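Trainee:
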Amino acid sequence: MDGKTAFCLKFKKKDEKPMRHKIRILIVIFVICISTVISAKAQTVLDGSVGTAGKLKLPGPDFDINAEYGHQAGQNLFHSFQQFNVSTGGSATFRGPDSVRNIISRVTGGEVSWIDGTLRSAIPDADMYLLNPAGLMFGANARLDISGSFHVSTADYLRMGENDRFSAFAEAREGDVLSVAPPSGFGFLDRNAGSISIEGKGEITPEVWGGDHTNWGSWLKDNDPGFAPGLAVGQGKNISLISRGIDISGTYFVPQGLAPESVGANLTAPEGRISLATVKSAGEVTLNDSDLKVTEPVEGKPVEGDVPAGQSGNITLSHGAKLDADGMGEGGSGSVLIRGGNFLMDTAAQILSEPVHGDGGKIDIESDMLILKNESEIRGNTYGTGKGTDINLHASEEISIAASRIKNGSFYESPDAGDGGTLSMQARGISVADGSRLGGESYGAGKGGDISINASESLAVSDRSWIETSATTRSTGQAGDISVHTATLTIENMAGIKSETRGAAQGGKITISGPAPQEDDAAEKIALSGEGGLILAAASGKGNAGMIRIIAEEMSLTDSASVGTSTDGEGNAGEIKLQIGRLKLGKEASVASESRYPAVNIQIFDDIDALYELTASEEGDIAFVRNGGGEIPAAFIRTLTGQWIEISDNMRNIADLTELDMLTMSAIMGIIQIEGGEVALVENIGGGTPGLYVYDGFGIWIEIQKIYNTEEVSLREEFVSLEGDIVQTVDSEGITRHFVDTGETWIGFEDIHTVGDLTERDRLTPRTGDVAKVADAGDATSGSFIYDGKEWVKFFMTGSAGKITVNAEEITLEDDSSLSTASSGGVSAGTINLNTGTLRLSDRAGISSAGEAIGDAGSIAVRTEGDIVLRDEAWLNTATSGQGMGGDIVLEAESLRVGNSAHVSAESKSESGGGDAGTIIVETENSVTLSDKGSLTTESRGAGGGKIFVNAGNSVYLLNGQITGSVARGEGKGGDVRIASEFVILNHGQITANADAGDGGAVFIVTDSYLKSSDSKITATSRRGNDGVVRIEAPDTDISADLIPPPGDFIDAARWMKTPCAARGGEKTSRFVLGGRDAAPTSPDDWLLGPSLWFDDDSGAGFK
């Protein structure tokens, strides 16, 4: 201890000055002491065990470490230090001949090394190895100036080649061989070793970046990279940290009201590799060209294998810590390899490996526990032609991701864009919570990265978190696929799993199954709950949405949760395949596939003030203002941020979206000027389709949608439109109509024709307004055309909804839940096929397939080994409310029971020009029972009624139930009803096939036994047309042969007439009373209610 240090320790204040002055003096003395102690420790001392210099204290703070201070063996230059420290602003420069490839240094004095200056190598391309078992601490100002790789460790020895060691602690160093073999691994003995820490500068507060700078960004530009340099190596070189424990804290900034952002990087290896590994017990860490392996010694020999849980040390990245292996050149990005016990990323920590033109490497993390929280992030996106970085996360216990992100997208819009890398996660349990995001997007021709999750016990996604892949508007590459393998999946509270395509690209598939590798392995339980909890595959452009496939023993959805596929673009919605043991849908939950028009509107306002009072609106909504200023009307479009931009009359013609992007960049850079509200007509936004966009004045273009909802067609004429655009109107009576811009005028739909191809379309003899739905419009996709009186004009139509197929042992829907397909603008709604042991619907739950506009409803087929039961206002329905055809319903079961106002129905709701209602076919082995207002119904308001076929093995029983096939208005013919069963029983039941102006339908009943109450009705009438036919084929059975006649003296009163009543008054008597018929109807053609019988004797006992 030197004199200054001794002074600090012995100082005692004897002065009697006021306390405030004393405190000031103490603070000054404390600062001097701390500075002196650090200065005393910031020294580098040779221990004399290597080389000829002996023990030597090197002069600093800039230390020159010459070759003669160590020993060279082959390409290895060895150094040995008792102490090794570099103070702030200081440096340590290693020198030697160019023949050196590895600078290998150890610190043997048992003290932690503190490095807050520069480590430099004057030897070209030499790798640097620094070992100190006591530990190493790197300050916020530490940096590297080397042309090779950098490896730092608290290992006890460095393995050289296969058999030699270079030991880093005094007890073992005498037997060391200074080997010519290259370093091959880091060895740990069963003794306590230190850890490695790297410090950043923490949070950058306004006090740090204030002064002459107006914001932190401009300040950082002036100070980066000098402000937070970190440890960085050259292109293609490596950094390794090998220790018992690793703690890295970084530098970060918190924008006002936003999440923390990392500044600078702690470790940087562009196109190279960053390796972190920790071992608490005896073992070795081996580095090779492609991997990082932790091994355990067995009987003195290191063997490969997973280190048992608890045997690896912890690794922490926090407070803006960053590991950066990005690559801008042809070599792609580098890799980040991490092996540890508990691995934690906290508070804006980041791991990056993002390539541009070359392929990405890999981010590979193996640990016991793996935790990301508080805006931490792992990114492996690609920004060019190279394939994105693969991200592999493996934990022996759990992976927890909270308020953090993992991204693996393809962000290059060029046709030669690279595919995104794969995100793979494996653990016993995985949780994704607090607004976390996993997955990536495709912005160009590259496929979005796939996601593969294997949680052997459980996967939980909650609290607005998403596992998602997507293909954006400009993308032609497919969105990534998502596969989940787990025993238990829980999704709740506005969270979910989603695959989406918004352009011409195809959506990704979503597959969920059990943890075993077999393709058909079933998850034990899948539960979705809470509003917004969903599994979704969606499309909003020309691309088709992906398919959803789920295999599970049990699946439940409740509280508005949903599984669905959808499209509001020209692509089709995806198929849903559920292979479930027990499927249960509860409170307002749904399984659905939809094709729907975009929900954008045109509204009218008197003035600007009224417009600005509007709170509920969507991006792309249009507002027509009668007085937009100076009594001149104007049209406005809503931006994503809620602003209203007036649509200008100025229009630019643009070839494609790429040219539109270039135009935007020119405007942002000030090369050209584009006024807010200016319109761009883009000739090809994908697949040869044109589009209209409005500039918001800030670099964003808002698309004018191809269909709008409004009260009047005239409102749509107030701003620019394209041939084929659509207006959907709803009048005061609730009738929906559609009109198409033919380029000259707006024409409404008339008759609908469905044809196979364009040749078949051209053979039609259409009238103005007729629509042709073409299955193959020439580009292997469907299309819709309207005839304008001269030619066919193609118009915007969404794709078809997807099919839903469920194979299950039990299916239960209750409490307003639903399973449905729907088409509001496509060719057809998807079919629904249910194959199950039993199907039960209750409490207003339902199964439906519906078509609107020109879309056909899909069919519903239910096949069960047991019963189909609908009660308490449940429903099973197909319907068309436009010009499309209704869907058929086929039910096959042991028995069908429909009661308590439940119904099975096929409807055509359009008042005029609508398609016919679908057909209902019921086949049961046993019975069909309709009770308490339960019904089988086909109904048409302005088209033909559908048919109903019922074939029951035992009985058809209507107890206050009904079967109807009717047309409410128009000239459509009533639907036919055909029933075949051994018994047909109507008790307060109805069977009808009535019509309005058309002919009544036909009712045919074939049965062995036909029984009907007096108030039951079977009709086939027409209010203005011809009545239909009612035919009942049942045998006239004489049942007298089966009755036993009573004996002739069954009622013989003669012996009672012989004795006067008075004479019998004292005898024991019994009474037999024949009562009335309890107010039963006395109609001669009705069943009569039996009387009550009362038997009594003198004892008072009796029975009824």
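Heads up: the sequence shown is residues 1 to 1104, going by my numbering. By construction, the Cβ of each residue, glycine as well, lies at the ideal position given by its N, Cα and C atoms. Please read all numbers here as calculations on a predicted model, not as lab measurements.
Per DSSP, which one or two residues make a beta bridge with V898?
Mentor: Bridge partners of V898: L870, L930.
Trainee: Identify every residue that forms a DSSP beta bridge with R273.
Mentor: Partner(s): N238, S335.
Trainee: Under 7 Å between the Cβ atoms of L536 and G564?
Mentor: For L536 and G564, yes; Cβs fall inside 7 Å.
Trainee: Could you tell me which of S335, A893, M885 sits nearest to T754, measuring between CA atoms?
Mentor: Out of S335, A893, M885, M885 has the C-alpha closest to the C-alpha of T754.
Trainee: What runs of the beta strand (DSSP E), each 3 residues or longer, lie entirely inside the stretch 86-128?
Mentor: Listed in chain order, the complete beta strand (DSSP E) runs (minimum 3 residues) inside the stretch 86-128 are 91-94, 102-107, 113-115, 118-121.
Trainee: Can you grab the Cα-Cα spacing for the pair E809 / L578, in whole Å?
Mentor: So the alpha carbons of these two residues sit roughly 12 Å apart.
Trainee: With three or more beta-carbon pairs closer than 8 Å as the criterion, would you say the stretch 791-798 touches the stretch 817-836?
Mentor: A contact exists between the stretch 791-798 and the stretch 817-836.
Trainee: Does the distance between the C-beta of R763 and the nearest non-hydrogen atom of the ligand NAP fall short of 6 Å?
Mentor: Among the ligands in the structure shown, none appear at all, so the ligand NAP cannot be discussed.
Trainee: Please give me, in chain order, every unbroken run of the beta strand (DSSP E) with length at least 3 that falls completely inside the stretch 433-500.
Mentor: Whole beta strand (DSSP E) segments, 3+ residues: 451-462, 466-471, 482-492.
Trainee: Can you tell me the Cα-Cα spacing of A40 and S87, whole angstroms?
Mentor: Note that A40 scores 46 on pLDDT, short of 50, meaning its location in the model is unreliable; the coordinates nonetheless yield the value given after this. The alpha-carbon atoms of A40 and S87 are separated by roughly 10 Å.
Trainee: If you run the structure through DSSP and keep just helix, strand and coil, what is Y67?
Mentor: For the sequence presented, residue 67 should be read as Ala rather than Tyr. In this structure, A67 counts as helix in the three-state DSSP scheme.
Trainee: Which residues mark the beginning and the end of the alpha helix (DSSP H) in which A667 is found?
Mentor: It spans 657-668 - the alpha helix (DSSP H) in which A667 sits, taken as one unbroken run.
Trainee: Contact between the stretch 58-65 and the stretch 147-159: three or more CB pairs below 8 Å?
Mentor: At 8 Å Cβ cutoff, the stretches do not touch.
Trainee: Pair every Cβ in the stretch 370-378 with every Cβ in the stretch 409-416, then say whether three or more of these pairs are closer than 8 Å.
Mentor: The answer is no - the stretch 409-416 does not touch the stretch 370-378, with fewer than three Cβ pairs under 8 Å.
Trainee: Can you find the residues in the same chain that come closer than 8 Å, C-beta to C-beta, to L614, ignoring five residues on each side of it along the sequence?
Mentor: Excluding residues within five positions, the ones whose Cβ falls inside 8 Å are Q603, F605, A623.
Trainee: For the putative contact between A893 and T864, defined by C-beta atoms under 8 Å, what is the C-beta separation to the nearest angstrom?
Mentor: The Cβ separation is near 4 Å, so the contact holds.
Trainee: In its own chain, which residues sit with a C-beta less than 6 Å from the C-beta of K587, not counting the 5 before and 5 after it?
Mentor: Correct list, in chain order: T558, D559, D815.
Trainee: Suppose you measure from the CA of H903 to the CA of S1013; what does that come to, to the nearest Å?
Mentor: Computed Cα separation, rounded: 22 Å.
Trainee: Can you tell me where the beta strand (DSSP E) holding Y157 begins and where it ends?
Mentor: Element bounds for Y157: 157-160.
Trainee: For the alpha helix (DSSP H) holding T759, just list the boundary residues, first then last.
Mentor: First-last of the alpha helix (DSSP H) with T759: 758-762.
Trainee: Drop a sphere of 10 angstroms on the beta-carbon of L930, count the other beta-carbons inside from all chains shown, and report buried for 16 or more, exposed for fewer.
Mentor: Buried, by the Cβ-count rule.
Trainee: Kindly identify the DSSP beta-bridge partner or partners of T864.
Mentor: Its beta-bridge partners are T836.
Trainee: Here's the rule I'm using: 16 or more other beta-carbon atoms within 10 Å means buried, otherwise exposed. How should M555 be labelled?
Mentor: Buried is the call here.
Trainee: In whole angstroms, what is the alpha-carbon distance linking G89 and M137?
Mentor: Each residue's alpha carbon lies about 15 Å from the other.
Trainee: Rounded to a whole number of angstroms, what is the C-alpha to C-alpha distance between P97 and L119?
Mentor: Computed Cα separation, rounded: 18 Å.
Trainee: Beta carbon of V727, beta carbon of V713: below 7 Å?
Mentor: Against a cut-off of 7 Å, the Cβ pair of V713 and V727 comes out as a contact.
Trainee: Got a sec? Which residues, its chain only, sit under 6 Å from A861 by beta carbon, not counting five neighbours each side?
Mentor: Within the same chain, A861 has close Cβ partners N833, V890.
Trainee: Considering only their Cβ atoms, is the gap separating R652 from A634 smaller than 7 Å?
Mentor: No, the pair does not count as a contact, with Cβ atoms beyond the cut-off.
Trainee: Mind checking who G783 pairs with in its DSSP beta bridge?
Mentor: Beta-bridge pairing links G783 to V774.
Trainee: According to DSSP, which residues form a beta bridge with K201?
Mentor: In the DSSP output, where bridge partners are listed per residue, K201 has none listed.
Trainee: Mind checking which residues open and close the alpha helix (DSSP H) that includes S714?
Mentor: Unbroken alpha helix (DSSP H) run through S714: 713-716.
Trainee: Ends of the beta strand (DSSP E) at I685?
Mentor: I685 -> no beta strand (DSSP E), and no H or E assigned at all.
Trainee: Within its chain, find whatever has a CB closer than 6 Å to the CB of I512; leave out the 5 residues flanking it on each side and keep chain order.
Mentor: Contacts found: V484, I550.
Trainee: Which one of I786, D696, G769 has the shortest CA to CA distance from A667?
Mentor: Answer by Cα proximity: D696.
Trainee: If you pair each beta-carbon of the stretch 259-272 with each one of the stretch 174-186, do three or more pairs fall below 8 Å?
Mentor: The answer is no - the stretch 174-186 does not touch the stretch 259-272, with fewer than three Cβ pairs under 8 Å.
Trainee: Count the other C-beta atoms from every protein chain shown that fall within 10 angstroms of the C-beta of F94, then say buried if there are 16 or more, exposed otherwise.
Mentor: Looking at its Cβ environment, which holds 16 or more other Cβ atoms inside 10 Å, F94 is buried.
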